[in-house]
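Take a look at the structure set out below.
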Amino acid sequence: MNKLFIAFTFCISILSAAEDFSGADCLIIEEENSIICKYSNVRKSYDRNIKIFWINPKENISREKEVLVPAGHGSVYDFRYIEARIKGLWSFKVIDNEKEFSTTFEIK
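The numbering used here numbers the first residue of the sequence shown as 108 and each following residue consecutively.
Put into structure tokens, the structure is as follows:
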């Protein structure tokens, strides 16, 4: 559990190092059986809702959820376990105010 916390904290610090970054990015940590995805955008002075989609290699939506991004915040993280996921190229997609951001990653 400590390893997972340390790895997650490390990933967050690396992913948040680029202040101007707007978009989505994912990191796979095989040793911890983890997939961590992050969406970043400019901080807003108002609350807003975004939609997150995990799309599997068969192009089916594996997870869909709406997330509230509070005023003053600019990033959202989502976590999944690698185990029991279909192998292949996955997509992580975010829709924020009708703009779409996405990234892909491969589970081997």
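Idealized CB from N, CA, C, for every residue including glycine.
Just so it is clear, the structure is predicted and the values come from calculations on it, not from any experiment.
In this structure, the beta-carbon distance from Tyr153 to Ser182 does not fall below 8 Å. Taking His180 as the centre and dropping the five residues before and after it, the same chain places the C-beta of Arg150 closer than 7 Å to its C-beta, in chain order. Fewer than three beta-carbon pairs drawn from the segment 126-143 and the segment 164-179 are found closer than 8 Å, and the two stretches are therefore not classed as touching. Counting only the Cα atoms, Phe212 lies some 8 Å from Ile135. For the options Asn148, Lys165, Glu137, Arg155, the alpha carbon positioned closest to that of Ile193 is the one of Lys165.
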